[in-house]
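Residue numbers (numbering that gives the first Met the number 0): 0 to 196.
Cβ coordinates follow ideal geometry from the N, Cα and C atoms, glycine included.
Quick caveat, the model's predicted, so the values are computed rather than measured.
Heads up: the structure comes next, in structure tokens.
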Amino acid sequence: MAEMLAVYGSPRWGGNTARLLREAVRGARESGAEVKEILLRDLNMSPCLEIYGCKKTGRCVIADDFQEVHDELLACRGLMLASPIFFYTVSAHTKILMDRCQAQWVKKYWLDATVFGQWSPKRKGLFISAGATSGKRLFEGTLLTVKYFFDVFDMELWRSLLYRALDEEDDVLRHPDYLREAYEAGRDLHAALQTLD
Ligand SMILES: Cc1cc2nc3c(=O)[nH]c(=O)nc-3n(C[C@H](O)[C@H](O)[C@H](O)COP(=O)(O)O)c2cc1C
0 MAEMLAVYGS PRWGGNTARL LREAVRGARE SGAEVKEILL RDLNMSPCLE IYGCKKTGRC
60 VIADDFQEVH DELLACRGLM LASPIFFYTV SAHTKILMDR CQAQWVKKYW LDATVFGQWS
120 PKRKGLFISA GATSGKRLFE GTLLTVKYFF DVFDMELWRS LLYRALDEED DVLRHPDYLR
180 EAYEAGRDLH AALQTLD
């Protein structure tokens with residue numbers, strides 16, 4: 000299990016968010032972090048079936064690749080999550096992962112009876128996103144989704160890197176400043192993790 004986890008939520012490996020996340024991973028590794036990379040598009044992961052088999056133990060009962068990702072999410076101290084904006088929210092791959100983590104929500108809020116909003120951060124998360132358009136509210140809904148996904152793992156939304164007007168697969172290459180920002184965010188997140196208990 001690695002100290003940092005990088006989760007690629009885009010179906011495009013050569014796309015904007017993947018390129019940005021790869022830079023963040025490079026920044027983290029070059030500052031000494033151990034980082035595990037997960038490409039959601041390559042996993043066999045069912046959507047949540049809402050059968051609440053998780054009510055007994057806080058573990059999802061569907062036997063697929065989610066089980067390992069769940070363990071990695073619990074073990075990491077820093078998460079770097081990247082997803083494009085699809086219809087004003089995260090990609091389907093990313094949303095499937097989030098919904099499967101309802102098992103962890105059940106554990107935290109039902110089984111362990113954590114009081115909502117009363118937890119101290121055990122983890123820090125970086126969120127990277129890109130959309131084609133330039134609207135002021137482009138990331139509004141997504142940020143709420145990500146914040147509450149991170150909450151399930153006692154994870155603070157430490158920083159988000161949100162880029163507008165990126166559409167074609169390699170549009171981000173025309174913005175070396177974005178790529179540098181991502182590199183620095185990976186490096187700085189690793190440094191910030193050292194301040195956690
Ligand atoms: C199914 C789908 C839905 C999309 N919805 C939006 C949207 O709501 N708003 C937007 O600005 N861009 C939207 N886009 C464009 C992508 O967000 C954009 O191309 C982004 O750069 C893709 O990131 P990626 O290369 O990391 O996959 C959509 C693209 C697809 C394929």
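- For the 9 Å CB-CB criterion, residue 90 and residue 126 do not form a contact.
- A heavy atom of ligand 1 is found nearer than 8 Å to the CB of residue 81.
- Counting along the chain, the unbroken beta strand (DSSP E) around residue 77 starts and ends at 77 to 83.
- Here the alpha carbon of residue 173 sits roughly 44 Å from the alpha carbon of residue 106.
- Between residue 96 and residue 39, the C-beta spacing is below 9 Å.
- Of the candidates 92, 161, 50 and 113, the residue whose Cα lies closest to the Cα of residue 131 is 161.
- Short note on residue 77: C-beta not closer than 8 Å to any heavy atom of ligand 1.
- Three or more Cβ pairs drawn from the stretch 0 to 18 and the stretch 70 to 87 lie within less than 8 Å of each other, which places the two stretches in contact.
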